[in-house]
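Undergrad:
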Amino acid sequence: MTLPVFGHTNPDTDAITSALVYASLLSRLGTEAKAYRLGDLNNETSFVLKNAGVEVPELLESLPEGTEVALVDHNESGQSLAGLSSLKVTRVVDHHKLGDLTSKDPLYLRFEPVGCTGTILGKLYRESNLPIEGWEARLMLSAILSDTLHFRSPTTTDTDREMGVYLAQIAGVSDIKAYALEMFAAKSDLGDTPADKLLKLDYKVFPFGGKKYGLGVMETTNPGYALGRKAEILAAMQQEKDAQNLEGVFFSVVDILEETNQTFVLDDAHAETIKGVFGADTQENVADLGNRISRKKQIVPAFEKHLG
Numbered sequence: 005m006t007l008p009v010f011g012h013t014n015p016d017t018d019a020i021t022s023a024l025v026y027a028s029l030l031s032r033l034g035t036e037a038k039a040y041r042l043g044d045l046n047n048e049t050s051f052v053l054k055n056a057g058v059e060v061p062e063l064l065e066s067l068p069e070g071t072e073v074a075l076v077d078h079n080e081s082g083q084s085l086a087g088l089s090s091l092k093v094t095r096v097v098d099h100h101k102l103g104d105l106t107s108k109d110p111l112y113l114r115f116e117p118v119g120c121t122g123t124i125l126g127k128l129y130r131e132s133n134l135p136i137e138g139w140e141a142r143l144m145l146s147a148i149l150s151d152t153l154h155f156r157s158p159t160t161t162d163t164d165r166e167m168g169v170y171l172a173q174i175a176g177v178s179d180i181k182a183y184a185l186e187m188f189a190a191k192s193d194l195g196d197t198p199a200d201k202l203l204k205l206d207y208k209v210f211p212f213g214g215k216k217y218g219l220g221v222m223e224t225t226n227p228g229y230a231l232g233r234k235a236e237i238l239a240a241m242q243q244e245k246d247a248q249n250l251e252g253v254f255f256s257v258v259d260i261l262e263e264t265n266q267t268f269v270l271d272d273a274h275a276e277t278i279k280g281v282f283g284a285d286t287q288e289n290v291a292d293l294g295n296r297i298s299r300k301k302q303i304v305p306a307f308e309k310h311l312g
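Heads up: the sequence shown begins at 5 in our numbering, then just goes up one per residue.
Printed below as a string of structure tokens:
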């Protein structure tokens with residue numbers, strides 16, 4: 005039976021490309037696998053797949069109980085396929101903290117404190133003594149550049165940088181910076197995307213102090229676009245909060261080039277939370293969070309520390 009491989013919901017470039025690359029690696033090692041996606045692609049990921057000449061993975065909505073699956077770029081049920089607890093997770097490759105994943109049987113786990121799952125997959129290829137195809141290298145390089153914001157994010161490690169250079173050579177990317185800027189331009193070209201979709205471009209729900217909070221992030225080279233649509237996005241945030249019965253919803257506009265974070269804040273109660281977590285004031289529903297550009301390393305831990 006073919007092993008389904010998938011990343012998290014509201015997939016980013018790492019989630020999609022890691023599923024494709026890991027499925028390829030497993031198949032080449034003798035375990036037939038197929039990559040899937042758990043949501044629509046963002047513009048950056050669409051650009052990356054087109055650039056690499058790779059087809060978009062099939063959308064996965066459900067699987068029969070007991071189906072064996074492999075997870076990449078996540079390990080929490082709240083960010084995964086609905087009904088994950090009824091499936092049999094046999095493999096996980098991830099660079100996030102341990103979530104609520106449990107299993108009845110031993111499974112393969114590969115976690116590393118690096119900036120991207122693509123970096124870990126590159127290491128797995130080396131360890132397997134398998135040659136990396138050009139398209140595989142381009143996908144992994146793209147994921148690394150996306151997750152580390154071209155090595156700007158505080159999540160970046162020397163391993164990510166070294167792997168990025170190594171993969172660029174295989175992929176035939178002579179100018180990494182120029183390619184990264186092309187990716188970010190594609191990500192920032194959002195046109196008339198509906199506000200609810202803007203909120204969900206890179207959105208995850210986290211439990212803080214026993215309550216659930218939604219944290220959305222827009223990484224862009226054009227923060228003015230989001231600021232110009234602030235009223236629409238705030239309305240989408242309120243709608244999401246009410247529909248999902250969340251304690252709070254926040255939306256960070258991260259300027260990739262300037263390395264700044266302007267976070268949209270719904271109301272006075274949310275402003276008090278932001279003040280408590282970051283010591284930042286809110287003006288006209290926007291809080292300046294300075295250079296806190298990594299949700300994983302700078303935003304979520306701060307919420308956890310303040311809210312428990």
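Using N, Cα and C, we set each Cβ at its ideal position, and we do this for glycine too.
Which runs of the beta strand (DSSP E) at least 3 residues long sit entirely within the segment 237-291? Give them in chain order.
TA: DSSP runs (the beta strand (DSSP E)) wholly in the segment 237-291: 252-259 and 264-268.
Undergrad: Which full runs of the alpha helix (DSSP H) of 4+ residues lie inside the segment 168-217, going along the chain?
TA: Here the runs fully enclosed are 180-192 and 199-203.
Undergrad: In this structure, does DSSP put residue 315 in helix, strand or coil?
TA: In this structure the chain extends from 5 to 312, so residue 315 is not present and cannot be described.
Undergrad: Specify the secondary structure class of residue 95 as computed by DSSP and reduced to three states.
TA: If DSSP states are grouped into helix, strand and coil, residue 95 belongs with the strands.
Undergrad: In terms of alpha-carbon separation, which member of 24, 158, 75 and 118 lies closest to residue 137?
TA: Nearest option by C-alpha distance: 24.
Undergrad: Measure the CB-CB distance between residue 37 and residue 76 and report whether it falls below 8 Å.
TA: No. Outside cutoff.
Undergrad: Assuming residue 147 and residue 17 are in contact, meaning their beta carbons sit under 8 Å apart, how far apart are those beta carbons, in whole angstroms?
TA: Right, their Cβ atoms sit about 5 Å apart.
Undergrad: Curious, which full-length alpha helix (DSSP H) runs of at least 4 residues does the segment 47-109 contain?
TA: The segment 47-109 contains these whole alpha helix (DSSP H) runs: 47-56.
Undergrad: Considering just the uninterrupted stretch of the beta strand (DSSP E) at residue 13, what are its terminal residues?
TA: Unbroken beta strand (DSSP E) run through residue 13: 7-13.
Undergrad: With DSSP run on the structure shown, which of helix, strand or coil describes residue 224?
TA: Residue 224 falls in the strand class under three-state DSSP.
Undergrad: Can the beta-carbon of residue 267 be found less than 8 Å from the beta-carbon of residue 294?
TA: Result no, Cβ atoms of residue 267 and residue 294 do not sit closer than 8 Å.
Undergrad: In angstroms with no decimal places, state the Cα-to-Cα distance between residue 252 and residue 33.
TA: Roughly 45 Å between the two C-alpha positions.
Undergrad: Since I believe residue 125 is in contact with residue 97 (beta carbons under 8 Å), could you give me their beta-carbon distance rounded to a whole number of angstroms?
TA: Right, their Cβ atoms sit about 7 Å apart.
Undergrad: Taking DSSP's pairing of strands, which residues face residue 30 in a bridge?
TA: For residue 30, which the question treats as bridged, DSSP gives no partner whatsoever.
Undergrad: Grab the span of the beta strand (DSSP E) containing residue 307 for me, first residue to last.
TA: Taken as a continuous stretch (DSSP letters only), residue 307 belongs to no beta strand (DSSP E), being part of the alpha helix (DSSP H) at 304-311.
Undergrad: Would residue 225 pass as a contact of residue 260 if the rule is Cβ separation under 8 Å?
TA: Result yes, Cβ atoms of residue 225 and residue 260 sit closer than 8 Å.
Undergrad: Mind checking whether residue 199 and residue 247 have CB atoms under 8 Å apart?
TA: Taking 8 Å as the Cβ cut-off, residue 199 and residue 247 do not qualify as a contacting pair.
Undergrad: For residue 15, which option in 47, 185 and 298 has the closest C-alpha, if you only look at C-alpha atoms?
TA: If we check each option's Cα against that of residue 15, 47 comes out closest.
Undergrad: Let me check understanding here. Comparing Cα to Cα, which of 30, 176, 233 and 202 lies closest to residue 112?
TA: Checking every option, the nearest Cα to that of residue 112 belongs to 30.
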